[in-house]
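Residue numbers (the numbering used here), protein chains in the order written: chain A, 1 to 386; chain B, 387 to 594. Just so you know, even glycine gets a beta-carbon here, dropped at the ideal spot from N, CA and C. See below for the structure under consideration.
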């Protein structure tokens, strides 16, 4: 529907003069646009430079992941979960493994739980660092902050590579444990990387947090109210930037998160600056968790001896399991009919649900701010479209 | 779960509720709600001061086609003048339906999940369900996705369009009886089955 066509033409001269030349302008931002983090389109209606309407359009990367998973075995879709949110393959693995473990009653050994926490928090570190880099890139700080973030990410990806054999598509976890144990010297290397991270964060923050341009572009831009955030199911750092204390690591205490001391940072304005700040603070908390976990990891088996790789047939039933992925609540919903394939397999994608409020955050802002607001949502199209 | 059911029943008389069992170790049982009262039940769960399920996390659809259920039924029969009990295998046909599943949590009280299920009458024409988007905004995109992939029509949804598939697409890909269309591009190698497929796809007379 064209917005200009909604105004009857015989009363054209009665339409009050607006900013610009008085006409609404419809712009399709995307699907190929440097700021859309993939193949994503926003149909924006503009009055001058102000946004009066915004509809997100997606589906360009849709490959029906759920149908593919329903036509293969339980283990067969484990590598496929890597491709959902391709920045955070290890947390995707964990969410899926957790769902199947709840469905079958498998117990995870202690060492495997520590390995999961360590890899998940490393994933969170690199995801948040890159997000901040991309956000600055969207603001026009071309390249430099992103390369600073990528330099750190590279160290973490090297750790993933020596542990799992792959830098991004790790495919590391199995039902009831992990695939392989740590290679020699890995813990020392990881400790070194983790201990260097606060210095990187200090440097990063010295350039960014008090930066005048960053403050001007982000403060009071894209404010998300607390009650709307809850009602719209927004999760993750975006929700906590709006001041809601809801972190699944504290609420559900899945895995062994009850053993670690860490705080949940909260924002109180809910604007883009808070969403940036929450990510930086969460990285510092992740460093704390990592230091505790790397010091306390015990020896022992890494997989439940009852776990079968092939021919897994859970009993009839269903389960919903969720974890705190770097982008928000990542959930897997499985229904088993007793066969070797899941009867129903559903991914609850945090990126997709967080986009529900994109229009509410953008209304009334300039079109240049839309880019920044979208950058602060933290989406990955592989997960939005599945 | 029984407690929540009793609370809803006392607040909303005449509501149809059933608890569905779950045999798996997860033990997450769900609440089957009659469609006529679904919106009222959702509002009650969100607003009741000691429940406060203010966060609808996951919304999804499930397709249950017609299925033949086999169950053992005990039958009493007279055999040689003595009454005996026999087990008889009885087959019943369960008519198919589509299902929408809602996972509710509470951010305020930090409890959950409560799982709501709504069922349509059948899989063809009686495929309408009340939309819960007026209660929880988080259902907006997820209900659109169910409409897109399963073909459940949500009455009262503000913007019910296809979300992942393109407009003009006819079928519902997540249904169990969906057949992939035979329209892939391929390299016409000189194998018999490939050539046969090519003739099916592009009949020779159509070229002229």
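Residue 334 of chain A in three-state terms, based on DSSP: Numbered from its first residue, the first chain carries residue 334 of chain A at position 334. When secondary structure is reduced to three states using DSSP, residue 334 of chain A falls in the strand class.
Find the residues of chain B that neighbour residue 346 of chain A, judging by a C-beta separation of less than 9 Å, and give them in chain order. Residue 346 of chain A sits at position 346 when you count from the first residue of the first chain. Taking a Cβ-Cβ cut-off of 9 Å, the neighbours of residue 346 of chain A in chain B comprise 444, 446, 447, 448 and 487, given in sequence order.
Whole runs of the beta strand (DSSP E) within the region 29 to 64 of chain A, excluding any shorter than 3 residues: Inside the region 29 to 64 of chain A, DSSP marks whole beta strand (DSSP E) runs of 3 or more residues at positions 41 to 47 and 50 to 57, from first to last along the chain.
Listing by chain order, which chain B residues have their CB less than 7 Å from the CB of residue 244 of chain A? Numbered from its first residue, the first chain carries residue 244 of chain A at position 244. Within chain B, the residues placing a beta-carbon under 7 Å from that of residue 244 of chain A are 493, ordered along the chain.
Strictly under 9 Å for the Cβ-Cβ distance: is residue 583 of chain B near chain A by that measure? Within the second chain, the letter at position 197 stands for residue 583 of chain B. No, no contact with chain A.
Under 8 Å by Cβ, that's how I've got residue 324 of chain A and residue 334 of chain A pegged, so tell me the actual separation to the nearest angstrom. Within the first chain, the letter at position 324 stands for residue 324 of chain A. Within the first chain, the letter at position 334 stands for residue 334 of chain A. Their Cβ separation, rounded to whole angstroms, is 19 Å, which puts residue 324 of chain A and residue 334 of chain A out of contact at 8 Å.
May I ask which residues mark the beginning and end of the beta strand (DSSP E) holding residue 489 of chain B? What you label residue 489 of chain B is simply residue 103 of the second chain in a count that begins at 1. For residue 489 of chain B, the enclosing beta strand (DSSP E) stretches over residues 483 to 491.
For residue 230 of chain A, which residues in chain B fall below 7 Å Cβ to Cβ? Start at 1 with the first residue of the first chain, and residue 230 of chain A comes out as number 230. Neighbours of residue 230 of chain A on chain B, chain order: 440, 441 and 493.
Roughly how many angstroms lie between the CA atoms of residue 102 of chain A and residue 326 of chain A, to the nearest whole one? The residue labelled residue 102 of chain A in the question sits at position 102 within the first chain. The residue labelled residue 326 of chain A in the question sits at position 326 within the first chain. Their backbone Cα atoms lie some 22 Å apart in a straight line.
What beta strand (DSSP E) runs, 3 residues minimum, are completely inside the region 302 to 378 of chain A? As far as the region 302 to 378 of chain A is concerned, its whole beta strand (DSSP E) runs of at least 3 residues are 317 to 325, 328 to 336 and 344 to 348.
Residues, ordered as in the chain, of the region 511 to 535 of chain B that lie near chain A by beta-carbon distance below 9 Å: Residues of the region 511 to 535 of chain B with a Cβ closer than 9 Å to any Cβ of chain A, in chain order: 521, 522, 523, 524, 525, 526, 527, 528, 531, 534 and 535.
Residue 245 of chain A burial status per 10 Å Cβ neighbour count (16 or more: buried): As a position in the first chain, residue 245 of chain A is number 245, starting the count at 1. Under this definition residue 245 of chain A is an exposed residue.
Closest residue to residue 459 of chain B among B/471, B/547, B/479 and B/497 (Cα-Cα distance): Sequence index remark: in the second chain, residue 459 of chain B carries index 73 (1-based). For residue 459 of chain B, the nearest C-alpha among the options comes from B/471.
Residue of A/270, A/26 and A/42 minimising C-alpha distance to residue 355 of chain A: The residue you call residue 355 of chain A lines up with position 355 of the first chain. Taking only the C-alpha atoms, the option nearest residue 355 of chain A is A/42.
Could you list which residues in chain B have their beta carbon closer than 7 Å to that of residue 352 of chain A, in chain order? In the first chain, residue 352 of chain A corresponds to position 352, counting from 1. Neighbours of residue 352 of chain A on chain B, chain order: 527.
Along the alpha helix (DSSP H) that carries residue 425 of chain B, what are the first and last residues, could you check? If you number the second chain from 1, residue 425 of chain B lands on position 39. Where residue 425 of chain B is concerned, the enclosing alpha helix (DSSP H) starts and stops at 424 to 433.
Using CA atoms only, rank isn't needed, just tell me which of B/397, B/486, B/445 and B/411 is closest to residue 508 of chain B. Stepping through the second chain from its first residue, residue 508 of chain B is reached at position 122. Of the listed residues, the one whose Cα sits closest to residue 508 of chain B is B/486.
9 Å is my cut-off, CB to CB: does residue 414 of chain B come that close to chain A? On the second chain, residue 414 of chain B is found 28 positions in, with the first residue counted as 1. Answer yes: the Cβ-Cβ gap between residue 414 of chain B and chain A drops below 9 Å somewhere.
With a cut-off of 8 Å on the beta carbons, I'd call residue 44 of chain A and residue 29 of chain A a contact; round off their distance for me. Counting from one through the first chain, the residue named residue 44 of chain A turns up at place 44. Counting from one through the first chain, the residue named residue 29 of chain A turns up at place 29. Here residue 44 of chain A really is in contact with residue 29 of chain A; their C-beta atoms are around 6 Å apart, less than 8 Å.
Cα separation between residue 496 of chain B and residue 239 of chain A? Mapped onto the second chain, residue 496 of chain B falls at position 110. Mapped onto the first chain, residue 239 of chain A falls at position 239. Using only the alpha carbons, I get a separation of about 15 Å.
Go through its chain and collect everything with a Cβ distance to residue 5 of chain A's Cβ below 8 Å, but skip five positions before and after it. The sequence position of residue 5 of chain A within the first chain is 5, counting from 1. Summary for residue 5 of chain A: the model assigns pLDDT 43, below 50, so the residue's position carries little reliability, and this model does not support an answer.
What is the rounded straight-line gap between the Cα of residue 15 of chain A and the Cα of residue 361 of chain A? Within the first chain, residue 15 of chain A is the residue found at index 15, counting from 1. Within the first chain, residue 361 of chain A is the residue found at index 361, counting from 1. At residue 15 of chain A, the pLDDT of 44 sits below 50, so the modelled position is not reliable and the matter cannot be decided from this model.
Helix, strand or coil: which one does DSSP assign to residue 128 of chain A? Taking the first chain and counting its residues from 1, the one referred to as residue 128 of chain A is at position 128. Under the three-state reduction of DSSP, residue 128 of chain A is assigned to helix.
In whole angstroms, give me the CA-to-CA distance for residue 575 of chain B and residue 582 of chain B. Mapped onto the second chain, residue 575 of chain B falls at position 189. Mapped onto the second chain, residue 582 of chain B falls at position 196. Their Cα atoms are separated by approximately 11 Å.
In whole angstroms, give me the CA-to-CA distance for residue 8 of chain A and residue 580 of chain B. Reading the first chain from its first residue, position 8 is the one you call residue 8 of chain A. Reading the second chain from its first residue, position 194 is the one you call residue 580 of chain B. Note that residue 8 of chain A scores a pLDDT of 43, beneath 50, so its modelled location is shaky and nothing firm can be said.
Nearest to residue 135 of chain A by alpha carbon, out of A/168, A/212 and A/273? Along the first chain, read from residue 1 onward, the residue named residue 135 of chain A stands at position 135. Answer by Cα proximity: A/273.
May I have the straight-line CA-CA distance separating residue 201 of chain A from residue 95 of chain A, to the nearest angstrom? As a working mapping, residue 201 of chain A is identified with position 201 in the first chain. As a working mapping, residue 95 of chain A is identified with position 95 in the first chain. Cα atoms of residue 201 of chain A and residue 95 of chain A: separation of roughly 28 Å, rounded to the nearest angstrom.
Between the alpha carbons of residue 353 of chain A and residue 76 of chain A, how many angstroms are there, rounded? To locate residue 353 of chain A, count along the first chain from 1; it is residue 353. To locate residue 76 of chain A, count along the first chain from 1; it is residue 76. Whole-angstrom Cα-Cα distance: 26 Å.
Return the CA-CA distance between residue 402 of chain B and residue 501 of chain B, expressed in angstroms with no decimal places. In the second chain, counting from the first residue as 1, residue 402 of chain B sits at position 16. In the second chain, counting from the first residue as 1, residue 501 of chain B sits at position 115. Straight-line Cα distance between these residues: approximately 15 Å.
Would you tell me roughly how many angstroms separate the C-alpha atoms of residue 23 of chain A and residue 359 of chain A, rounded to the nearest one? Counting from one through the first chain, the residue named residue 23 of chain A turns up at place 23. Counting from one through the first chain, the residue named residue 359 of chain A turns up at place 359. About 21 Å.
Check whether the Cβ of residue 28 of chain A lies closer than 9 Å to any Cβ atom in chain B. Within the first chain, the letter at position 28 stands for residue 28 of chain A. No - not a single Cβ of chain B is within 9 Å of the one on residue 28 of chain A.
Close Cβ partners of residue 119 of chain A (< 7 Å) along its chain, the five nearest in sequence each way excluded: In the first chain, the residue the question calls residue 119 of chain A occupies position 119. Counting only Cβ-Cβ distances below 7 Å, and skipping sequence neighbours, we find 90 and 172.
Determine the extent of the alpha helix (DSSP H) in which residue 413 of chain B is found, giving its start and end residues. As a first step, residue 413 of chain B is located in the second chain; it is residue number 27 there, counting from the start. Following the DSSP letters along the chain, one finds residue 413 of chain B in no alpha helix (DSSP H), marked with neither H nor E.
Quick check on residue 178 of chain A: does DSSP put it in helix, strand or coil? Residue mapping note: residue 178 of chain A aligns to position 178 of the first chain, counting from 1. If DSSP states are grouped into helix, strand and coil, residue 178 of chain A belongs with the strands.
Let me know if residue 213 of chain A comes out buried or exposed under the rule of 16 or more other beta-carbons within 10 Å of its beta-carbon. The residue you call residue 213 of chain A lines up with position 213 of the first chain. Answer is exposed; the Cβ neighbour count stays below 16.
Listing by chain order, which chain A residues have their CB less than 8 Å from the CB of residue 546 of chain B? The residue you call residue 546 of chain B lines up with position 160 of the second chain. Residues of chain A passing the Cβ test: none, with the nearest at roughly 13 Å.
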